[in-house]
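Q: One structure coming up, written as structure tokens, with questions to follow.
Protein chains: 2
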Amino acid sequence: MGKVRAIITMSLDGYVAGPDQTEENPLGVGGEQLHEWMFPLKVWRESHGDEGGEVTASSPVVEGWWENVGAIIMGRNMFGGGPGPWGEDPWTGWWGDNPPYHVPVFVLTHHEREPLIKEGGTTFFFVTDGIESALDQARAAADDKDVLLAGGGEAAQQYLKAGLLNEIQLHVAPVILGGGVRLFEGIGPGEAKLETMEVVESPAVTHIRYRVSR
Amino acid sequence: MGKVRAIITMSLDGYVAGPDQTEENPLGVGGEQLHEWMFPLKVWRESHGDEGGEVTASSPVVEGWWENVGAIIMGRNMFGGGPGPWGEDPWTGWWGDNPPYHVPVFVLTHHEREPLIKEGGTTFFFVTDGIESALDQARAAADDKDVLLAGGGEAAQQYLKAGLLNEIQLHVAPVILGGGVRLFEGIGPGEAKLETMEVVESPAVTHIRYRVSR
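Written out as structure tokens, the structure reads:
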């Protein structure tokens, strides 16, 4: 069976989203700073259909996100913001016609909705009956490959707390947000045992991969 | 002029001491886990008069703590626990007759006390009029060398918040404490700007050195 891996950027003060999150600004105030390390990268730009960009020590890390991935889970805000529930002109997400995923994506939401088929092998499925159900469905879709939890912060927090992650890759950004959603909030001592697997130094962010067990 | 450098171990959930700190247990519940990476090291054991120990990627990091240091600042709990204020049988600290510092050490406290002269060049001075005064005294004693803020957590938090640090070396331990003193508590966005200087991977801890400015 594949692993369940989470990838997420955390500020130095432990936040994975800033304060005052809204549907229009799901990263909260200042939260966009978390991802600034990513946007100049060639690998990121290419996966979003843009040209140019840098190659740094972070490039192979980002390339590694998609290795051996058979299905993806993400929170509702990660799929796409906008007025909810789905309304008359339903949002089709942040990701355009050809999202960079190319595998089934299971979106955690409270609102039922038909699957959304995109180009390039990405289909969004909307899961309303909780994180364990989403994981079961993702595992079935992934076959023996990994399930990637792509964020956002609350989803990562929930899966970690439920003991459902095998690996977590933190991108620690030298940013102070001063408030928001903390990745490790409400997780007591002994609820997760972490072991360092790999550290990658990059100018704008430090990548640390942990094995997680209970 | 030398730099003001802080060194401190932080848990993955952002704590530099566990919950329920007391004078007898200044690291709080579970807080000793923060420093477990350090104790097996040969360089640590030698500095405390013990033989044996390991050499790992953390060894040069620990050796680097003392490089170019002219004076040290530490919190009261870091100097030594026990019944306070000083009483009839005053505590002489955790550090024995020949502490590993070999420079003047300025201890932040609320209780006045005469300087305590130890062997090997270490003298503890007790500063009751605040962190800026302690820094002024340490700078004067350090000449052009660096001032090292050796902990504990509250002192580091205070100096960071006051914008008095030039560098902070975090030892990020893969430990979840679930409560206690957070290094970055109460520090708002923009109150400290951090830039990654160096990352060192070690099995039991990740060392990240940041340049700090405002």
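Order-wise, the sequence lines are chains Y and R.
Mapped onto the working numbering, the consecutive letters of the first sequence carry residue numbers 535 to 748.
Mapped onto the working numbering, the consecutive letters of the second sequence carry residue numbers 535 to 748.
By construction, the Cβ of each residue, glycine as well, lies at the ideal position given by its N, Cα and C atoms.
(1) Looking only at its chain, what residues have a beta carbon closer than 8 Å to the beta carbon of Y/G536, apart from the 5 residues adjacent to it on each side?
(2) Can you check DSSP and say which residues form a bridge with Y/Y549?
(3) Against chain Y, with Cβ distances strictly below 8 Å, would R/D554 count as a contact?
(4) Let me confirm a value: R/R539 is counted as buried when at least 16 other C-beta atoms fall within 10 Å, else exposed. Which label applies?
(5) Check for me: the alpha helix (DSSP H) holding R/Q567 runs from which residue to which?
(6) Going by DSSP, what residue range makes up the alpha helix (DSSP H) through R/R743?
(7) Return no unless some Cβ of chain R is closer than 8 Å to the Cβ of Y/G800.
(8) Could you give the distance in angstroms between the alpha-carbon of R/Q671 and the alpha-carbon of R/G685?
(9) Are the beta-carbon atoms belonging to Y/G747 and Y/T590 less than 8 Å from one another?
(10) Give the DSSP-derived three-state secondary structure of R/P649 in the structure shown.
(11) Quick one: using the 10 Å Cβ neighbour count with 16 as the cut-off for buried, is Y/G583 buried or exposed?
(12) Specify, as a first and last residue, the run of the beta strand (DSSP E) that Y/M731 falls within.
(13) Looking only at its own chain, which residues have a Cβ that is under 6 Å from the Cβ of Y/G655, when we skip the five neighbours before and after it?
(14) May I ask you to list, following chain order, the residues of the segment 718–740 of chain R that have a beta carbon less than 9 Å from some beta carbon of chain Y?
(15) Give the range of the beta strand (DSSP E) segment to which Y/A707 is assigned.
(16) Run through DSSP, which three-state label would R/G587 get?
(17) Would a check of beta-carbon distances place Y/L568 closer than 8 Å to chain A?
(18) Assuming contact is defined by CB atoms lying nearer than 8 Å, are R/V739 and R/S545 in contact in what I supplied?
(19) Three or more beta-carbon pairs under 8 Å between the segment 550–558 of chain Y and the segment 569–588 of chain Y, yes or no?
(20) What are the start and end residues of the alpha helix (DSSP H) that includes Y/M572?
A: In brief:
(1) What you label residue 536 of chain Y is simply residue 2 of the first sequence in a count that begins at 1. Around Y/G536: N602, G604, R673, A676, D677, D678, K679, D680, V681.
(2) Working through the first sequence from its first residue, we reach residue 549 of chain Y at position 15. As DSSP reads the structure, Y/Y549 sits in a beta bridge with Y/R716.
(3) Locating residue 554 of chain R in the second sequence gives position 20, where the first residue counts as 1. False, the Cβ-Cβ gap to chain Y never drops below 8 Å.
(4) The residue given as residue 539 of chain R occupies position 5 in the second sequence. Under this definition R/R539 is a buried residue.
(5) Within the second sequence, numbered from 1, the residue matching residue 567 of chain R stands at position 33. For R/Q567, there is no enclosing alpha helix (DSSP H), as DSSP marks it with neither H nor E.
(6) Residue numbering aside, residue 743 of chain R sits at position 209 when the second sequence is read from its first letter. No alpha helix (DSSP H) contains R/R743, which is instead part of the beta strand (DSSP E) from 739–747.
(7) Outside the shown range of chain Y (535 to 748) lies residue 800 of chain Y, about which nothing can therefore be said.
(8) In the second sequence, counting from the first residue as 1, residue 671 of chain R sits at position 137. In the second sequence, counting from the first residue as 1, residue 685 of chain R sits at position 151. For the pair R/Q671 and R/G685, the Cα-to-Cα distance works out to about 17 Å.
(9) Start at 1 with the first residue of the first sequence, and residue 747 of chain Y comes out as number 213. Start at 1 with the first residue of the first sequence, and residue 590 of chain Y comes out as number 56. One point to set straight first is that residue 747 of chain Y is Ser, not Gly, in the sequence displayed. No.
(10) On the second sequence, residue 649 of chain R is found 115 positions in, with the first residue counted as 1. Reduced to three states, the DSSP call for R/P649 is coil.
(11) Numbered from 1 along the first sequence, position 49 holds the residue referred to as residue 583 of chain Y. By the 10 Å Cβ count, Y/G583 comes out exposed.
(12) Numbered from its first residue, the first sequence carries residue 731 of chain Y at position 197. Y/M731 -> beta strand (DSSP E) spans 727–736.
(13) Taking the first sequence and counting its residues from 1, one reaches residue 655 of chain Y at position 121. Cβ within range, chain order: H636.
(14) When C-beta distances to chain Y are compared with 9 Å, the residues of the segment 718–740 of chain R below that value are F718, E719, G720, I721, G722, P723, G724, E725, A726, K727, L728, E729, T730, E732, V733, V734, E735, S736, P737, A738, V739, T740, in chain order.
(15) Within the first sequence, the letter at position 173 stands for residue 707 of chain Y. Residues 701–707.
(16) Sequence index remark: in the second sequence, residue 587 of chain R carries index 53 (1-based). Residue state, collapsed to three classes: coil.
(17) The structure shown has no chain A; the protein chains it does contain are Y and R.
(18) Here residue 739 of chain R refers to the residue found at position 205 of the second sequence. Here residue 545 of chain R refers to the residue found at position 11 of the second sequence. Cβ distance not < 8 Å, so R/V739 and R/S545 don't count as in contact.
(19) Not touching, per the Cβ criterion.
(20) Taking the first sequence and counting its residues from 1, one reaches residue 572 of chain Y at position 38. Premise fails: Y/M572 is in no alpha helix (DSSP H) and is neither H nor E.
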